[in-house]
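Take the position in the sequence shown, starting the count at 1, then add 156; the result is the number in our numbering. Below: one structure, written as structure tokens.
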Amino acid sequence: MKGFAAALFLLLSFCAAPLRAQEAASRTYTLKDGSTLTYAKPGLWRTIGAGPSDWGLFVKQSFTKESLPWLAAIGASTVLLIKYDQEIYEETRRVGDRLNISSVDKTKTYLRIGGVSVFRGPSDLGSAFYFIGDGWVNLGLMGYFEARGLMKDDWRALQTGHQLAEGLLVTGFTTQVMKRVTGRETPRAATADRGVWRMFPSFNDFQAHRTRYDAFPSGHLATCMMTLTVIAENYPEKKYIKPLGYTLLTALSFQMVNNGVHWASDYPLGLAVGYGIGKAIAAGGRTSAKRSPAATAQAIRFAPYLSPEGAVGAAMTYRF
157 MKGFAAALFL LLSFCAAPLR AQEAASRTYT LKDGSTLTYA KPGLWRTIGA GPSDWGLFVK
217 QSFTKESLPW LAAIGASTVL LIKYDQEIYE ETRRVGDRLN ISSVDKTKTY LRIGGVSVFR
277 GPSDLGSAFY FIGDGWVNLG LMGYFEARGL MKDDWRALQT GHQLAEGLLV TGFTTQVMKR
337 VTGRETPRAA TADRGVWRMF PSFNDFQAHR TRYDAFPSGH LATCMMTLTV IAENYPEKKY
397 IKPLGYTLLT ALSFQMVNNG VHWASDYPLG LAVGYGIGKA IAAGGRTSAK RSPAATAQAI
457 RFAPYLSPEG AVGAAMTYRF
């Protein structure tokens, strides 16, 4: 009898194990509009390892038939802005002077370790605007979601943090390749109006004279747009994310022209790269979220109802 009970216990344990594994395989978050977000169990290295496939998804999505109008818009806006880059740069500097926003980067060191500057932060309004595009902001947001996910056992927050880590790597790689291909001068290093383009500079020359070559496209904007897109895709119910994010991006964009880091024409492609990578990372990969649509009006039907007792009323049917 004891042997039978033990065997029965083991059998039930083996049967329950797949159920427990299945329950732990994903979690679903239901939003107020009825849509759901389903997340696989997060894994940092698994998410980062999906970088090459997500980069491939970004490239694939960028050249679909549906993307052609956007590619045309990016190209046309870039060409148009290049034509007026010098005028935009000079007028931005004048506006900055009128608003007392310094055109000199006054970011200063707040923390040193062994004589090495570890943390540099803003000291005035201009450097505060510029700091928005600093890697510390992106890393801080990533750390926030990672910490929240771990402390609250929140898979959505944890997955968002993982995706931001992946996004920083993928965006950095993409923009660096583009910069090393185009080799455009920044405004403050320009030797001619609108900057000179020296395509495919040598690795050593690029490293030694970065301001001669790294203007196009804007890596700051690409990274910030990626961060904004990933967060907005994972938290669609938070309606303030996009307006707040776009406001901060506008301030950053102004200051990067004002302090001579970028031309206005560096922005369209940078924004497009960040948005495309953010969308691809939020949608792709083995641990990505899957979003189901909210209930539509067509799925809900009303009809007259007559009960067996003869009472008259109305019935609502929801089809899914």
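Here a beta-carbon is modelled for each residue, glycine too, at the ideal position from N, C-alpha and C.
Quiz item: Does DSSP classify residue 253 as helix, strand or coil?
Solution: The sequence position of residue 253 within the sequence shown is 97, counting from 1. Residue 253: helix per DSSP, three-state reduction.
Quiz item: residue 296: which of 283, 282, 281 and 275 sits nearest, CA to CA?
Solution: Here residue 296 corresponds to residue number 140 of the sequence shown, with the count starting at 1. When 283, 282, 281 and 275 are compared, the shortest CA-CA separation from residue 296 is found for 275.
Practice problem: Could you name the residues that DSSP lists as bridge partners for residue 197? | Solution: Here residue 197 refers to the residue found at position 41 when the sequence shown is read from its first residue. Residue 197 pairs with nothing; no bridge assigned.
Quiz prompt | Presumed contact (8 Å Cβ cut-off) between residue 377 and residue 289, rounded CB distance | solution = On the sequence shown, position 221 is the one that residue 377 refers to. On the sequence shown, position 133 is the one that residue 289 refers to. With a Cβ gap of about 7 Å, residue 377 and residue 289 count as contacting.
Quiz item: How is the beta strand (DSSP E) around residue 275 delimited, first residue to last?
Solution: Translated into positions along the sequence shown, residue 275 becomes position 119. First-last of the beta strand (DSSP E) with residue 275: 272-277.
Quiz item: In whole angstroms, what is the alpha-carbon distance linking residue 412 and residue 344?
Solution: Here residue 412 refers to the residue found at position 256 of the sequence shown. Here residue 344 refers to the residue found at position 188 of the sequence shown. When rounded, the distance between both Cα atoms is 11 Å.
Quiz item: Is the segment 367-384 touching the segment 332-339, taking contact as three or more C-beta pairs under 8 Å?
Solution: yes
Quiz item: How about residue 298 and residue 321: are their beta carbons less than 8 Å apart?
Solution: To locate residue 298, count along the sequence shown from 1; it is residue 142. To locate residue 321, count along the sequence shown from 1; it is residue 165. For residue 298 and residue 321, yes; Cβs fall inside 8 Å.
Self-check item: Closest by C-alpha distance to residue 302, when choosing among 402, 414, 293 and 318
Solution: Taking the first residue of the sequence shown as position 1, residue 302 is located at position 146. With distances taken between Cα atoms, residue 302 lies closest to 318.
Self-check item: Cβ-based burial, residue 357 [other Cβ within 10 Å; buried from 16]
Solution: By 1-based counting over the sequence shown, the position of residue 357 is 201. Around the CB of residue 357, 16 or more other CB atoms lie within 10 Å, so the residue is classed as buried.
Quiz item: Taking the alpha carbon of residue 272 as the point to measure from, which residue in 264, 279 and 225 has its own alpha carbon closest?
Solution: In the sequence shown, residue 272 corresponds to position 116, counting from 1. Here the closest residue by C-alpha is 264.
Quiz prompt | Buried versus exposed, by CB contacts within 10 Å (16 or more), residue 409 | solution = In the sequence shown, residue 409 corresponds to position 253, counting from 1. Buried: at least 16 other Cβ atoms inside 10 Å.
Quiz item: Ordered along the chain, which non-local residues of its own chain (more than five positions away) have a Cβ less than 7 Å from that of residue 386?
Solution: Here residue 386 refers to the residue found at position 230 when the sequence shown is read from its first residue. A distance below 7 Å between beta-carbons, with the five flanking residues on each side excluded, links residue 386 to the following residues of its chain, in chain order: 316, 319, 320, 323, 434, 437 and 438.
Exercise. Below 7 Å CB to CB, which residues in the same chain sit around residue 241 once its five sequence neighbours on both sides are set aside?
Key: On the sequence shown, residue 241 is found 85 positions in, with the first residue counted as 1. Excluding residues within five positions, the ones whose Cβ falls inside 7 Å are 350, 419, 420 and 421.
Quiz item: To the nearest whole angstrom, what separates the beta carbons of residue 431 and residue 381, a pair I think is in contact under 8 Å?
Solution: The residue labelled residue 431 in the question sits at position 275 within the sequence shown. The residue labelled residue 381 in the question sits at position 225 within the sequence shown. About 5 Å separates the two Cβ atoms, so the contact holds.
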